[in-house]
Amino acid sequence: MGQVIAYLAQGRIRIKSGNDTPRTLDSPYGRSVHDRSVRSQQRHAWKNEGDGFLSGQMLWGKTTAPGGPAPVLFTSLSRGMAPKQVVYSLASGSLCALCEADDLGAEERRLWNDNRRRVEHIHTCPRTGNVAFSVQHDNGTANIGVMLRGEPGFGEVTEGDSLDTAPRWTPGEERKIVYQSAGIGRNRDGHFLALGPFGIQTVNIDSAEMETLVEEPQADFLSPQIAEDGTLYYIRRPYNEHTKVKPLRALKDTLLLPFRVLYAMFAFLNFFSMRYTGKKLNTPAGTPRRELDLKQMMIWGNLVQAQKAAEDEAMDLVPSSWQLARRTGSGPEEILAKGVLAYDLVRDGSIVYSNGSAIFVRHPDGRKERLLTEGMIEQVVVIES
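Here the sequence shown is numbered in our numbering, starting from 114 and rising by one per residue.
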């Protein structure tokens with residue numbers, strides 16, 4: 114393969130060119146954000162000094178020492194409009210930014226930044242340069258947003274109590290986006306309980322007309338992409354929320370409902386804390402805080418845990434039930450690979466994908482080849498060279 118592969122692993126963007134060793138993409142803007150955070154902490158360090166009744170922490174209303182400056186984490190990436198161009202999102206604390214880099218990181222431009230809104234799962238239209246992404250809201254919902262090239266700011270094209278994520282522009286229809294969507298279940302007080310199954314939908318950014326392409330009550334359909342020939346690709350996994358009703362289980366569930374509601378709320382908040390700050394809410398007493406837990410990550414609502422070292426360092430981080438599939442029109446579904454966490458399509462008909470521990474290529478004739486091995490890979494993108 115002559116293409117360059119960019120992938121997201123452990124909050125960093127890594128670049129693999131040909132047979133070269135992967136390198137980490139450097140973001141001057143990200144470094145400046147981190148440097149400002151360090152200087153700010155140094156200026157205000159005296160507020161946290163001392164441990165007496167009238168210590169700095171007590172006077173300033175703080176009960177625990179800070180965990181250091183907020184880490185700068187890359188949260189998503191996309192190929193750009195031009196060859197060797199990369200577009201990516203990064204976050205640090207409450208700050209979120211979109212940046213664009215030419216020549217695989219040689220020159221960087223900041224497209225947008227905000228301290229109130231957070232965007233992820235970005236995708237750049239290769240023909241127009243328009244950027245689509247998911248906009249995360251404080252109430253746990255997410256909508257599809259678009260930033261049109263040459264226009265300031267961005268707008269949201271979906272709405273509702275749902276999680277709309279992973280948008281991709283549709284080839285040949287530059288005003289249509291395909292994405293995954295799951296409804297949010299809440300109790301009578303409006304508190305989050307669970308996500309419904311993810312289905313695949315499209316939306317026209319001009320008319321807001323929507324269409325459902327694939328959905329099943331017993332399955333999630335993730336990371337949809339439409340190829341040049343109209344074939345729909347996606348990752349299928351079982352939706353585990355539905356179980357058969359049994360009397361004893363129903364009684365047990367009723368008794369445990371209050372505790373499960375509290376746990377669900379905590380897990381939901383812990384998910385956002387880990388995703389956006391790299392820190393858990395339940396750090397044990399006496400345990401030093403870490404900027405990023407390198408042994409686990411959140412993927413579409415599932416906590417993916419790194420396994421213990423094994424003979425095969427490229428073991429799947431997700432079960433074999435996470436299957437890469439494709440469907441042409443109303444034809445049957447075809448399974449292409451198992452244990453797939455992320456993937457991207459290549460113009461020559463091959464597919465680059467990851468199981469979370471390695472990156473592989475599936476050639477048009479079905480042959481499988483391992484390209485590299487690395488821990489905690491959550492996104493992979495093929496860059497046109």
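Virtual Cβ for every residue (Gly too), placed ideally from N, Cα, C.
Presumed contact (8 Å Cβ cut-off) between residue 260 and residue 244, rounded CB distance: The Cβ separation is near 4 Å, so the contact holds.
Helix, strand or coil at residue 146 [DSSP, three-state]: Three-state result, residue 146: helix.
Between the CA atoms of residue 321 and residue 288 - distance to the nearest angstrom: Using only the alpha carbons, I get a separation of about 10 Å.
Top-ranked residue by Cα proximity to residue 316, from 279, 307, 249, 230: Per the Cα distances, 279.
Endpoints, the beta strand (DSSP E) within which residue 126 is located: That run of the beta strand (DSSP E) goes 125-130.
Classification of residue 237 by the beta-carbon crowding that lies within 10 angstroms, buried from 16 upward: Burial is judged here by how many other beta carbons sit within 10 angstroms of a residue's own beta carbon; residue 237 has at least 16 and is buried.
Backbone CA spacing between residue 200 and residue 218 [nearest angstrom]: Cα to Cα, the separation comes out at about 10 Å.
The region 178-193 touching the region 219-227, judged by at least three CB pairs closer than 8 Å: Under the three-pair Cβ rule at 8 Å, the region 178-193 does not count as touching the region 219-227.
Residue 327 versus residue 314 - alpha carbon distance: Cα-Cα distance, rounded: 7 Å.
Closest residue to residue 474 among 459, 488, 336 (Cα-Cα distance): With distances taken between CA atoms, residue 474 lies nearest to 459 out of 459, 488, 336.
Whole-angstrom distance between residue 156 and residue 167, CA atom to CA atom: With a pLDDT of only 48 at residue 167, under the threshold of 50, the placement of this residue in the model should not be trusted; the figure read from the coordinates follows. The alpha-carbon atoms of residue 167 and residue 156 are separated by roughly 20 Å.
Pair within 8 Å by beta-carbon distance, residue 484 and residue 496: Not in contact: residue 484 and residue 496 (Cβ atoms no closer than 8 Å).
For residue 270, the three-state DSSP class (helix, strand or coil): Of the three classes helix, strand and coil, the one that applies to residue 270 here is coil, per DSSP.
Buried versus exposed, by CB contacts within 10 Å (16 or more), residue 151: Looking at its Cβ environment, which holds fewer than 16 other Cβ atoms inside 10 Å, residue 151 is exposed.
Extent of the continuous beta strand (DSSP E) to which residue 282 belongs: Counting along the chain, the beta strand (DSSP E) containing residue 282 begins and ends at 275-283.
Counterpart residues of residue 316 in DSSP-defined beta bridges: 290, 323, per the DSSP bridge assignment.
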